[in-house]
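Chains as they are written, first to last, in this note's numbering: chain A, 5 to 569; chain B, 755 to 1059.
Note that beta-carbon positions come from the ideal geometry of N, C-alpha and C, so glycine has one too.
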Amino acid sequence: MSFLKIKNLDISYKTRKETIIASQNVSFTLEKGEILGVVGESGSGKSTIANAIINQIDPPGEITQGSIQLDDAELCNNEKLIQTYRGKKIGFIFQDPQTSLNPLFTIKQQLVETIQAHLKLNDNDATQRAIQLLKEVGIHDAEKRINDYPHQFSGGMRQRVVIALSISCEPDLLIADEPTTALDVSIQAQILQLIKDLTIKRNLAVIIITHDMGVIAEITNKVAIMRFGIIVEQGLTNNILTNPQSLEGKSLIISVPPTNKKINRFTLISPEGKEITLNSANLTKNIIKTWGVRETSNKKILDFENVSKTFDDGSLLKKIDSKEAVKALNEVSFDVYEGETLGLVGESGSGKSTIAKIITGLIKPSSGKISYYNDELFNDRKIYQSQYSRGQIQMIFQDPYSSLNPRFKVRDIIAEPLKFYQKDLSQQELQSHIHDLIDIAGMSRQSLDRYPHEFSGGQRQRISISRALATRPRLLICDEPTSALDVSIQAQILNLLKDIQDELNLTMLFISHDLPVIRQMCNRTVVLKDGNVCEINDTESLFNQPQHSYTKHLINLMPKIESLV
Amino acid sequence: MNIYQRLYNTDIGYSFFNSKVAIFSFLLFLLIVFSSLFAEFVSPYDPFNPLNVSLMDAFIPPVWTEEGDVRFILGTDQQGRDMLSTIIYGSRISLIVGFASIAFAMIVGLFLGITAGYIGGKYEVIVMRLTDVQLTIPSILMALLVDGIARAIISKSMHDEMAIYVLIFAIGISEWPQFARVTRASTLVEKNKEYVAASKIIGLSSIYIMFKHILPNILRPVLVIATIGLALAIIAESTLSFLGVGVPPTTPSLGTLIRFGNNFLFSGEWWITFFPAIFLIILALSINLLGDWMRDALNPKLKKR
């Protein structure tokens, strides 16, 4: 008999307009000591299953059929039993360590409370146990740090505390819902290693829910691929990653940016199972006609010279000492040449987005010089000289949900920059320009009369691209354009960006924390750490012979899907 | 699809048609607005036409009492005017003052709030301290002050004509800080969203971004306080008229009617003050209930499934 056995599980959400089926006929088993990865795109029902096991489905969702058995005990819809199991027999790790700990309680209070809820221990013993747990998850100086509040820990440390909490009552089953999505690469590697070690040491059964094939490859034994609430494929991780049978499996794996080589374009698989070879060349013809043919010489388009940025928290009355102030950027220099894609890579807080904001004039640099061609973008009084860029520097944002005004129709979103820069445009010309722009982004013309909320994240990102192209930019800044998207959508968007760049001779500044994506997109790459430039090199040389120790460290740690292949 | 189905399919429409309180208060409010708007056709008499008024009819109690007269359902006042008609005409003045003063407060508050939130810096500090100062002055006191100044400036003969504008200004000036605060807070949230950054990068001007991009996105909370503010403004108008600094007795509002009736309350003619007061309560309550529902319906955090 298996330790955890889920059979024919159906879950549906009844809403006012329709019934959404979140899971259909889901069955799998799990033994102690195994790690099962549940992988799928957003909305595929991964988290619903995890929540069903601990009977925490948000209303109006309900389990309509099926059974969940843990150690031969039926858990399905048995709230009384599950309440004794939650925390005791089943541990749960949430995605965001920032919000899963109560900020008003110390770590000690939270741990002791959980321990005493399930085990009969007095305060002293419970505290001893808590300290021991913190040590086990790798928190140094646990005796002292146990009295700290959550905000005194970093993101990775907090996730360790959450793990300590979840294993505090010796559960047999650990469910981790996207445990590393909110974390940086180097911390992700540590957390995954920790979960792996605990699985072996404590003989746990672990379910990891993730959208990241790299995580799956790194740590799981078994994997289940989900789509639209159905498990389309399951089996040993090794088999599935090397030889996926289902369409979804193939599509998921083929869309993952390879870490060890550069490919020209991602292969996309259509729902019928055929390879899609999209070429937008004839779509861009119209655009090129209106823009005029551009040539790329090897001219320097952007010169970023010794730029520093301090976010001074100083109030009107108190000036912060320049030594104490945190420098978001410290004497950063690089340049961008016409037609290339320059990558900016680094962990959170490394100053990537600050650079983008300075170039576009959203914030002012504290010192340094930024030139667009030969004109300085900031004058002596640090005022942005928009007449030099004149809309030729455009940006694509990270969050497709907030980067489009929800009250504007798509047509108006794209028309706005057109009208602003070409005031003499006739209505007819305007419409034809809008059509050209929406065509090039691969969206239908019908979508022009809809509002942004009617589109998915990937489609919204395409609309963003249309808008950015409306001003005929030369330099396109992409600030993590795909980090909020599923892998297969990411592959489409990256392909689109490459196509547009080739055909329109755009220069791109590509910002990402994702090394494999950088490798696919960029000619040269700048590695940033805490506002300092570590290394600037051709992307290929950077990945093959990293010079700086931090670069080596990062490349070492990135989850490699090829590690199994 | 007809318009009812279309409305029903929107979230706000669904919430409305499933809330008995909302439907009831909305219909009640609509009834009051329509009857006062078309008072000439709805009310049985024109109480301000001397031809219709006879002192012989003064102090007739409501129709269901012993001395009642079928011609005057709610009785008559000291000049023989039909109470029902004067209430309908009076509510027109009350509603005009209420709507106009809230519109005035909203325009001032929206403009100051959105610019303060968007521009920030010293300008924001000055505007927000100004609202703080404004909020420390009770609205009735503020209105009395404005009225006093107006009386000093405007000649006596002009004053009656100008009274309604003075009233609108006085109430509006004491209501705008609410709007400024809410608008500024919402603007602070919206201006950090990426669509605003995108507009800046395109090169659009600040004024355009504020009023074309941000404004439509912050109207929801403003609408809620405008509704609740409307009830407050109508009550403020009545209070001022009751105190005798509001509209002149020749064009009485609900507050003026209550003041008149108050004089006769203890001599047994209770209906002269009672019915305008009840009417005022119903009007304010229907608006308040509507505002309460709207606040819940427009707040995604309070949304019930």
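In the structure shown, the three-state DSSP call for A:T263 is coil. Residue burial annotation: B:G998 is exposed, with fewer than 16 other C-beta atoms found within 10 angstroms of its C-beta. In the structure shown, A:Y17 adopts extended strand secondary structure according to DSSP, grouped into three states. Between the segment 1005 to 1022 of chain B and the segment 952 to 965 of chain B there are fewer than three inter-stretch CB-CB distances shorter than 8 Å, so the stretches are not counted as touching. The continuous alpha helix (DSSP H) containing B:D765 extends over residues D765 to F771. DSSP links A:E539 through a beta bridge to A:V531.
By the CB criterion at 8 Å, A:E38 and A:N302 fall outside the cutoff.
Think of a sphere of 8 Å around the beta carbon of B:Y877: no beta carbon from chain A falls inside it, the nearest being about 14 Å out. In this structure A:D403 is not in contact with B:E878, their Cβ atoms being roughly 26 Å apart against a cut-off of 8 Å.
Here DSSP, grouped into helix, strand and coil, assigns A:K373 to strand.
The C-beta distance from A:V189 to A:M562 rounds to 6 Å, short enough to fall under 8 Å. Taking a Cβ-Cβ threshold of 7 Å, none of the residues of chain B is close to A:F459; the smallest such distance is about 14 Å. Identification of residues in the segment 943 to 977 of chain B having a C-beta nearer than 8 Å to some C-beta of chain A yields K947, E948, Y949, A951, A952, S953, K954, I955, I956, G957, L958, H967, P970 and N971, given in sequence order.
At a beta-carbon threshold of 9 Å, none of the residues of chain A lie near B:Y872; the nearest stands roughly 14 Å away. The three-state reading of DSSP puts A:D339 in strand, counting E and B together. Here A:L115 is near A:A168, since their CB atoms are less than 8 Å apart. Distance check between A:H122 and each of A:R162, A:C173 and A:D100 places A:C173 closest, using alpha-carbon atoms only.
Shortest Cα-Cα distance from A:N536 to any of A:G142, A:T555 and A:F109 involves A:T555. The beta-carbon separation of A:D490 and A:H215, rounded to 6 Å, stays under the 8 Å limit for a contact. Flagged as an interface residue toward chain A: B:Y768, by a C-beta distance shorter than 8 Å. It is roughly 27 Å from the alpha-carbon of A:G350 to the alpha-carbon of A:Q463.
Proximity of A:D188 to chain B, defined by a Cβ-Cβ separation below 8 Å, is not satisfied. When C-beta distances to chain B are compared with 9 Å, the residues of the segment 385 to 398 of chain A below that value are S390, S393, R394, G395, I397 and Q398, in chain order. Interface annotation, A:T294: not in contact with chain B, CB-CB separation never under 8 Å.
Residues of chain B whose Cβ lies closer than 9 Å to the Cβ of A:R471 are, in chain order, A952 and I956.
Pairing A:S46 with A:A54, the inter-Cα distance amounts to about 14 Å. One thing to note: B:I1026 has its Cβ within 8 Å of the Cβ of B:M837. Scanning its chain for C-beta atoms nearer than 6 Å, with the 5 sequence neighbours on each side dropped, one finds around B:R835 the residues P801 and V807, in chain order. For A:R411, the nearest CB of chain B lies under 8 Å from its own CB, placing it at the interface with that chain. At a cut-off of 8 Å, the C-beta of A:R20 has a neighbouring C-beta in chain B. Residue state for A:S27 is assigned as strand, using DSSP reduced to three classes. What A:D379 touches in chain B, judged by beta-carbon distance under 7 Å, is nothing: the nearest beta carbon there is about 15 Å away. Taken in chain order, the complete alpha helix (DSSP H) segments of 4 residues or longer contained in the segment 923 to 966 of chain B are 948 to 956. Scanning chain B for C-beta atoms nearer than 7 Å to the C-beta of A:S407 yields E948, Y949 and A952, reported in chain order.
One alpha carbon belongs to A:Q73, the other to A:N128, and they sit about 36 Å apart. Close partners of A:F308 in chain B (Cβ separation under 7 Å) are lacking, with about 17 Å as the shortest Cβ gap.
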